[in-house]
Amino acid sequence: MARFKSQFNFMLKFKRHIGNKIIWGKTNNSLFKKEYIFSSFKNNIGKRYLSIHEYLSVDLLRSHNVPCPEGYAAKSPEEAEEKALLLQNVCGDNDLVIKAQVLCGGRGVGYFKENNFEGGVHVCRNSMEVKEIATKMLNNTLITKQSGPEGKKCNTVFICERFYIRKERYIAFLLDRNSDGIILLGSSIGGSSIEDIIKKKPDAIYKLNIDINNGLTTGQAREFSEKIGFKNDQLNIVTDMIINLYKVFKKYDCTLLEINPLSELNDGRVLCCDAKLNFDDNAEYRQKNIFEKRDLTQENKEELLAKKYNLNYVSLNGNIACMVNGAGLAMATLDLIILHKGNPSNFLDVGGGATEEEITEALKIINNNENAKICFINILGGIMRCDIIANGIISAFKQVKFNKPIIIRLEGTNQEQAQEIIKNSNIKCIVCQDMNMAAQKSVAMAKIIEIAERENIDISFN
Numbered sequence: 173m174a175r176f177k178s179q180f181n182f183m184l185k186f187k188r189h190i191g192n193k194i195i196w197g198k199t200n201n202s203l204f205k206k207e208y209i210f211s212s213f214k215n216n217i218g219k220r221y222l223s224i225h226e227y228l229s230v231d232l233l234r235s236h237n238v239p240c241p242e243g244y245a246a247k248s249p250e251e252a253e254e255k256a257l258l259l260q261n262v263c264g265d266n267d268l269v270i271k272a273q274v275l276c277g278g279r280g281v282g283y284f285k286e287n288n289f290e291g292g293v294h295v296c297r298n299s300m301e302v303k304e305i306a307t308k309m310l311n312n313t314l315i316t317k318q319s320g321p322e323g324k325k326c327n328t329v330f331i332c333e334r335f336y337i338r339k340e341r342y343i344a345f346l347l348d349r350n351s352d353g354i355i356l357l358g359s360s361i362g363g364s365s366i367e368d369i370i371k372k373k374p375d376a377i378y379k380l381n382i383d384i385n386n387g388l389t390t391g392q393a394r395e396f397s398e399k400i401g402f403k404n405d406q407l408n409i410v411t412d413m414i415i416n417l418y419k420v421f422k423k424y425d426c427t428l429l430e431i432n433p434l435s436e437l438n439d440g441r442v443l444c445c446d447a448k449l450n451f452d453d454n455a456e457y458r459q460k461n462i463f464e465k466r467d468l469t470q471e472n473k474e475e476l477l478a479k480k481y482n483l484n485y486v487s488l489n490g491n492i493a494c495m496v497n498g499a500g501l502a503m504a505t506l507d508l509i510i511l512h513k514g515n516p517s518n519f520l521d522v523g524g525g526a527t528e529e530e531i532t533e534a535l536k537i538i539n540n541n542e543n544a545k546i547c548f549i550n551i552l553g554g555i556m557r558c559d560i561i562a563n564g565i566i567s568a569f570k571q572v573k574f575n576k577p578i579i580i581r582l583e584g585t586n587q588e589q590a591q592e593i594i595k596n597s598n599i600k601c602i603v604c605q606d607m608n609m610a611a612q613k614s615v616a617m618a619k620i621i622e623i624a625e626r627e628n629i630d631i632s633f634n
């Protein structure tokens, strides 16, 4: 648990360097600040939560008396056509909306890699159009601003009724590290991302700290509903909706429950037209029904493999791979790389008692990462002696047939013996005693490789 907390604290800290979102708002004429962790840079970056698809989130909310659109999921064009006909029988001959089910934002303006089909959300007039669009979406890769260049495979589409919306609003429950509790965020403006709302109209954001012991009261929910613009009969409906959403948040160990948009329709109804739910990974043991809904095809393959071998691995966007023992040292290693204007390709903590098998698997993951151009191994020998670690690294290198330049820093118990072992091996690497110097050399070497690739120059390290 201690290692997990250190790793999560690292992730919060590291995101401050490379893209954490800072939310500003106004409550009772005083500014509040909340470090809100959207995985906006490469949605699959290491995190402490499980995400499930939109259609599953809608089903979960509907089962707890939260009004949501009628809709059906489909995994083939033929099934999509059938579900569209069924939906029109239930809801009338209204237009339909088909949405690609991928775990990343920005679907509407994304495109599919295989056929260049634009948009992961489309309005269709009938079931034939639904089938046609589903054919272009299913089994293809949707690339969005949040998916990264590799995109996300679309295995399912969600077909729902099209609504004519009078007004869109925003509400979200999330964990707040500053108050050690749950907060409710809301805005009279919805539909776009919360970041865009903040930029356009920060005064439209409202925040409510919820006492975890007392819970969310009906009075608080009603007052909050008024602040985001609901009146009369709608006020009672939205008050009940917020109470039910809070119950879902607590019952299922959510880290985020976001409704965007919360839509007021022309006929006066209020519906949760899109829902994003994240669940705490630490709650898997008591949320088995939720975690059975996990879609592994949407998750980072490297992180899944690392988890199998008890490695703390976080995929990042840089080109300097790191293998470190201990979360604290890993934090410092990445900080140094960034300080010297480099970009890490991962956070990898093999732990203080890593076995040869775990080191081997860690190096396999790094070796298979095409973005990683070099590998910086930073080991502090404490209880685990450096010479034992060195022998494990050498054995692992032979098994993996590692093909990237290596910089190794070994310090601690039996460090001299370890450095001698590395020196006498056939591993072609740079051995550094100083951690700062090792980080500088890692960044310099990565830049050399980057320039050479850009200029189409072949280089080798002997």
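In our numbering, each residue carries its 1-based index in the sequence shown increased by 172. Where a beta carbon is used, it is the ideal one built from N, C-alpha and C, also for glycine.
C-beta contact flag for L488 and A534 at 8 Å: Here residue 488 refers to the residue found at position 316 when the sequence shown is read from its first residue. Here residue 534 refers to the residue found at position 362 when the sequence shown is read from its first residue. No, the Cβ-Cβ distance between L488 and A534 is not below 8 Å.
Our contact map puts D452 next to Y283 with C-beta atoms below 8 Å; I'd like the distance itself, whole angstroms only. In the sequence shown, the residue the question calls residue 452 occupies position 280. In the sequence shown, the residue the question calls residue 283 occupies position 111. About 33 Å; that fails the 8 Å criterion.
For a quick check, are the C-beta atoms of V329 and A306 less than 8 Å apart? Taking the sequence shown and counting its residues from 1, the one referred to as residue 329 is at position 157. Taking the sequence shown and counting its residues from 1, the one referred to as residue 306 is at position 134. Cβ atoms of V329 and A306: closer than 8 Å.
Does the structure place the region 252–259 close enough to the region 312–328 that three or more beta carbon pairs sit under 8 Å? no
For V238 and T390, what's the separation of their Cα atoms in angstroms? Locating residue 238 in the sequence shown gives position 66, where the first residue counts as 1. Locating residue 390 in the sequence shown gives position 218, where the first residue counts as 1. Going by the C-alpha atoms only, they are around 16 Å apart.
Below 8 Å on the Cβ atoms is my guess for K399 versus G358; work out the distance and round it to an integer in Å. Position 227 of the sequence shown, counting from 1, holds the residue named residue 399. Position 186 of the sequence shown, counting from 1, holds the residue named residue 358. Right, their Cβ atoms sit about 7 Å apart.
Could you compute how far the alpha carbon of M300 sits from the alpha carbon of Q260? Within the sequence shown, numbered from 1, the residue matching residue 300 stands at position 128. Within the sequence shown, numbered from 1, the residue matching residue 260 stands at position 88. So the two alpha carbons sit approximately 12 Å from each other.
Which same chain residues, not among the five before or five after A502, have their C-beta less than 6 Å away from its C-beta? For the purposes of this step, residue 502 is taken as residue 330 along the sequence shown, with counting starting at 1. For A502, where only same-chain residues beyond five positions count, the Cβ hits under 6 Å are V496, F519, D521.
Taking the alpha-carbon positions, what's the N586 to R557 distance? Here the question's residue 586 lines up with position 414 in the sequence shown. Here the question's residue 557 lines up with position 385 in the sequence shown. If you take the alpha carbons of N586 and R557, they lie about 6 Å apart.
Less than 6 Å between C-beta atoms, sequence neighbours within five positions excluded: which residues of the same chain meet that for Q612? Here residue 612 refers to the residue found at position 440 of the sequence shown. Contacts found: H512.
Assign S435 to one of three DSSP states: helix, strand, or coil. The count along the sequence shown starts at 1 and reaches residue 435 at position 263. Of the three classes helix, strand and coil, the one that applies to S435 here is strand, per DSSP.
Under 8 Å between C-beta atoms of V295 and V269: Stepping through the sequence shown from its first residue, residue 295 is reached at position 123. Stepping through the sequence shown from its first residue, residue 269 is reached at position 97. Yes, they are a contact pair.
Is it buried or exposed for D630, if we count other Cβ within 10 angstroms and need 16 for buried? To locate residue 630, count along the sequence shown from 1; it is residue 458. Residue environment: D630 is assigned as exposed (fewer than 16 neighbouring CB atoms within 10 Å of its CB, all protein chains considered).
Using only the alpha-carbon positions, how far apart do A562 and I355 sit? Along the sequence shown, one-based indexing puts residue 562 at 390. Along the sequence shown, one-based indexing puts residue 355 at 183. A562 and I355: Cα-Cα distance of roughly 48 Å.
What do you get for A478, buried or exposed, if any count of 16 or more other CB atoms within 10 angstroms of its CB means buried? In the sequence shown, residue 478 corresponds to position 306, counting from 1. Per the 10 Å Cβ criterion, buried.
Note down the Cα distance separating R341 from G514, rounded to an integer number of angstroms. Position 169 of the sequence shown, counting from 1, holds the residue named residue 341. Position 342 of the sequence shown, counting from 1, holds the residue named residue 514. Taking the straight line from one Cα to the other gives about 40 Å.
Distance check for E304 and G292, CA to CA, integer angstroms please. For this step, residue 292 is matched to residue 120 along the sequence shown. For this step, residue 304 is matched to residue 132 along the sequence shown. Cα to Cα, G292 sits roughly 13 Å from E304.
Mark D439 as exposed unless 16 or more other C-beta atoms lie within 10 angstroms of its C-beta, in which case mark it buried. In the sequence shown, the residue the question calls residue 439 occupies position 267. So D439 ends up on the exposed side.
Between V603 and M609, what straight-line distance do the alpha-carbon atoms span, to the nearest angstrom? On the sequence shown, residue 603 is found 431 positions in, with the first residue counted as 1. On the sequence shown, residue 609 is found 437 positions in, with the first residue counted as 1. Computed Cα separation, rounded: 10 Å.
State the CB to CB distance for the pair E417 and N450, rounded to an integer number of angstroms; the pair is presumed to be in contact (CB under 8 Å). In the sequence shown, the residue the question calls residue 417 occupies position 245. In the sequence shown, the residue the question calls residue 450 occupies position 278. It should be pointed out that residue 417 corresponds to Leu in this sequence rather than to Glu. Not confirmed; about 14 Å, so no contact.
Option nearest A526 by Cα separation, candidates P241, L506, L552: Here residue 526 is taken as the residue at index 354 of the sequence shown, counted from 1. Closest by alpha carbon: L552.
Could you name the residues that DSSP lists as bridge partners for H294? Along the sequence shown, one-based indexing puts residue 294 at 122. Paired residue(s): I270.
Just confirm the distance between the C-beta atoms of N432 and D446, as a whole number of angstroms; I'd bet it's less than 8 Å. Your numbering for residue 432 matches position 260 in the sequence shown. Your numbering for residue 446 matches position 274 in the sequence shown. At roughly 6 Å, the Cβ-Cβ gap stays under 8 Å, so N432 and D446 are in contact.
Quick check on the DSSP output: what are the complete alpha helix (DSSP H) runs of length 4 or more inside the region 430–512, in order along the chain? Correct list: 460–463, 473–480, 499–511.
Can you check DSSP and say which residues form a bridge with L222? Here residue 222 is taken as the residue at index 50 of the sequence shown, counted from 1. Per the DSSP secondary-structure output, L222 pairs in a beta bridge with F451.
Is the beta carbon of I492 closer than 8 Å to that of F574? As a first step, residue 574 must be located in the sequence shown, where it is residue number 402. As a first step, residue 492 must be located in the sequence shown, where it is residue number 320. No.
Reduced DSSP secondary structure (H/G/I, E/B, other) of C240: In the sequence shown, the residue the question calls residue 240 occupies position 68. Looking at C240 - three-state DSSP - the assignment turns out to be coil, as it is neither helix nor strand.
Simplified DSSP assignment, three categories, for N638: Here the chain comprises residues numbered 173 to 634, so residue 638 is not present and cannot be evaluated.
Given N200, which residues of its chain have a CB within under 6 Å of its CB, disregarding the five upstream and five downstream residues? Sequence index remark: in the sequence shown, residue 200 carries index 28 (1-based). Residue placement at N200 is poorly supported in this model, since its pLDDT is 35, which falls under 50; the coordinates still yield a value, given next. The answer is none, since no qualifying residue turns up.
Are the Cβ atoms of Y244 and L258 separated by less than 8 Å? What you label residue 244 is simply residue 72 of the sequence shown in a count that begins at 1. What you label residue 258 is simply residue 86 of the sequence shown in a count that begins at 1. Cβ distance < 8 Å, so Y244 and L258 count as in contact.
Could you check what DSSP says for V572 in three-state terms: helix, strand or coil? The sequence position of residue 572 within the sequence shown is 400, counting from 1. Reduced to three states, the DSSP call for V572 is helix.
Extent of the continuous beta strand (DSSP E) run through A344: For the purposes of this step, residue 344 is identified with residue 172 of the sequence shown, where counting begins at 1. From DSSP, the beta strand (DSSP E) with A344 extends over 337–348.
Measure the CB-CB distance between C426 and F345 and report whether it falls below 8 Å. In the sequence shown, counting from the first residue as 1, residue 426 sits at position 254. In the sequence shown, counting from the first residue as 1, residue 345 sits at position 173. Inclusion of C426 and F345 in the CB contact set at 8 Å is warranted, their separation being smaller than that value.
Contact criterion: CB-CB distance below 8 Å. Does S360 meet it with respect to chain D? Of the protein chains in this structure there is only one, and it is not chain D.
Where E592 and N540 are concerned, what is the direct C-alpha to C-alpha distance, given to the nearest angstrom? By one-based count along the sequence shown, residue 592 stands at place 420. By one-based count along the sequence shown, residue 540 stands at place 368. Distance between the alpha carbons of E592 and N540 is about 28 Å.
Sequence-distant residues of its chain with Cβ nearer than 6 Å to I578 (five each side left out): Walking along the sequence shown from the start, residue 578 turns up at place 406. Closer than 6 Å at Cβ, skipping near neighbours: C547, C601.
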